[in-house]
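Taking it in order: structure first as structure tokens, then the write-up.
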Amino acid sequence: MKSMLGKHTDDELETTTNVKRVKAADSLQVFRELQMPIPGVLAQSYTFFSPHQAASEEYVLGVDEAGRGPVLGPMVYSACFCPISAYVHLKSLGFADSKQLSEDQRSKLFARLQTEEHAGWAVRCISPRDISQCMLRRTKYNLNSLAHDATIQLLREINQKANIRQVFIDTVGPPASYQKKLQQLFPSMEITVAKKADSLYPIVSAASVCAKVVRDAHLENWVFAEPLEVSRVFGSGYPGDPNTVRWLRESLDPVFGYPSIIRFSWSTCTKLLEESAVAVVWADEDEKHTKLTSKWFGGASNRRTRSKFFSRRPALILTTSL
Numbered sequence: 001m002k003s004m005l006g007k008h009t010d011d012e013l014e015t016t017t018n019v020k021r022v023k024a025a026d027s028l029q030v031f032r033e034l035q036m037p038i039p040g041v042l043a044q045s046y047t048f049f050s051p052h053q054a055a056s057e058e059y060v061l062g063v064d065e066a067g068r069g070p071v072l073g074p075m076v077y078s079a080c081f082c083p084i085s086a087y088v089h090l091k092s093l094g095f096a097d098s099k100q101l102s103e104d105q106r107s108k109l110f111a112r113l114q115t116e117e118h119a120g121w122a123v124r125c126i127s128p129r130d131i132s133q134c135m136l137r138r139t140k141y142n143l144n145s146l147a148h149d150a151t152i153q154l155l156r157e158i159n160q161k162a163n164i165r166q167v168f169i170d171t172v173g174p175p176a177s178y179q180k181k182l183q184q185l186f187p188s189m190e191i192t193v194a195k196k197a198d199s200l201y202p203i204v205s206a207a208s209v210c211a212k213v214v215r216d217a218h219l220e221n222w223v224f225a226e227p228l229e230v231s232r233v234f235g236s237g238y239p240g241d242p243n244t245v246r247w248l249r250e251s252l253d254p255v256f257g258y259p260s261i262i263r264f265s266w267s268t269c270t271k272l273l274e275e276s277a278v279a280v281v282w283a284d285e286d287e288k289h290t291k292l293t294s295k296w297f298g299g300a301s302n303r304r305t306r307s308k309f310f311s312r313r314p315a316l317i318l319t320t321s322l
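See below:
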């Protein structure tokens, strides 16, 4: 039985969540007009480009992300761009690091950005399912590689629509090596990769706002593909948030685990599954519970052995005449 304190906390969290949904209504209208997949089942990653009337002059572009650390929901990479001649005007709109802005401020800035004639933005929204598959596959594809490739994809595709000259990017990993990598791929661009770029360059701040608004909209309007009754009170989604950890504990099904909003590659999720989910033993494992992969990819010999299913049952020889 839950304590009264716990019940009170649940009510407060639910009230806060409902208030957020009301505030997100204006943003949802923007997404509907743009024909973005929000709300919807986010089964696969997608890339979206805002309608944009390209100018003939050179552009400045910024890149930032939202949702890199959380254990649930998508990771969203965003690029915002405008003509260099319009950059001073963009700075005056009040863009700042999205973490320093309120939800209402971010929504208003995002809506304002849609009215800027030559400004454009794009997002690469990476689903939690794809994040899990990339990080858990046999040939490791870590989060940094996933982030780099999302940025490179955005730069390549936007450069086909606008003449990108100056680029500012919030770093993933060491700034110097990341900048060198990008500069080799895009020699015609002047690329700056820096820590805290979202606080230093307003064009990166604008990208930060777009990424944050899109990610929040997905979470607040998440459509579960699974036929489960699951609470929407996720907390912040970060593994260190007690409300998120509590949601993870309460939403774990001992047989089916978690719904696809979860990133199964996160250690927080893995530990909870090991502690509370039903253990799985493969039917062809020996008494020492040898790992399934070791039979094919490790050990002293990779030679296939006959399955116990067949070795314990005599084979029948069938003959027929035609």
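Residues in the sequence shown are numbered from 1 upward in steps of one, following the working numbering.
Where is the CB? At the ideal position from N, CA and C, for every residue including glycine.
Start-to-end residues for the alpha helix (DSSP H) that takes in residue i
i, result
"residue 323", "Absent from the structure is residue 323, since the part of the chain shown begins at 1 and ends at 322."
"residue 107", "103-113"
"residue 241", "Looking at the DSSP string, residue 241 is not in any alpha helix (DSSP H), and its letter there is neither H nor E."
Nearest residue (CA-CA) to residue i, options the options
i, options, result
"residue 151", "193, 114, 133, 176", "193"
"residue 158", "129, 61, 271, 215", "61"
"residue 212", "123, 114, 164, 92", "123"
"residue 239", "100, 70, 82", "70"
"residue 195", "50, 216, 204, 164", "204"
"residue 105", "165, 223, 206", "206"
"residue 189", "145, 165, 31", "165"
"residue 78", "223, 147, 210", "210"
"residue 35", "272, 274, 214, 254", "214"
"residue 208", "44, 191, 85, 98", "98"
"residue 202", "90, 269, 125, 257", "90"
"residue 145", "160, 174, 161", "174"
"residue 46", "103, 126, 102", "126"
"residue 237", "227, 268, 37", "268"
Own chain, CB closer than 7 Å to residue i, minus 5 neighbours either side, in chain order
i, result
"residue 235", "241, 243, 244, 247"
"residue 128", "72, 73, 74, 260, 261, 262, 263"
"residue 404", "Only positions 1 to 322 of the chain appear in the structure, and residue 404 is not among them; the question remains open."
"residue 277", "252, 254, 257"
"residue 272", "248, 249, 252"
Own chain, CB closer than 8 Å to residue i, minus 5 neighbours either side, in chain order
i, result
"residue 117", "53"
"residue 30", "110, 111, 114"
"residue 178", "148, 169, 171, 172, 193"
Sequence-distant residues of the same chain with beta carbon closer than 6 Å to residue i, five excluded per side
i, result
"residue 68", "75"
"residue 49", "122"
"residue 120", "50, 52, 81"
"residue 136", "265"
"residue 295", "In this prediction, residue 295 scores a pLDDT of 47, lower than 50, which makes its location untrustworthy; the coordinate-derived value is nonetheless stated afterwards. Excluding positions up to five away in sequence, the list is empty."
"residue 65", "77, 211"
Within-8 Å CB hit, residue i to chain B
i, result
"residue 95", "Of the protein chains in this structure there is only one, and it is not chain B."
Extent of the continuous beta strand (DSSP E) run through residue i
i, result
"residue 47", "46-49"
"residue 152", "Here residue 152 belongs to no beta strand (DSSP E); instead the alpha helix (DSSP H) covers 143-159."
"residue 56", "Looking at the DSSP string, residue 56 is not in any beta strand (DSSP E), and its letter there is neither H nor E."
"residue 190", "190-194"
"residue 77", "75-83"
Within 8 Å, strictly: CB atoms of residue i and residue j
i, j, result
"residue 163", "residue 58", "yes"
"residue 168", "residue 147", "no"
"residue 221", "residue 39", "yes"
"residue 43", "residue 217", "no"
"residue 63", "residue 223", "no"
Next on the checklist: For the structure I just gave you, are there three or more beta carbon pairs, one from the stretch 172-183 and one from the stretch 108-125, closer than 8 Å?
Outcome noted: no
Next on the checklist: Is it the case that the stretch 153-169 contacts the stretch 129-141, given that we only count it when at least three CB pairs across the two stretches are under 8 Å?
Outcome noted: no
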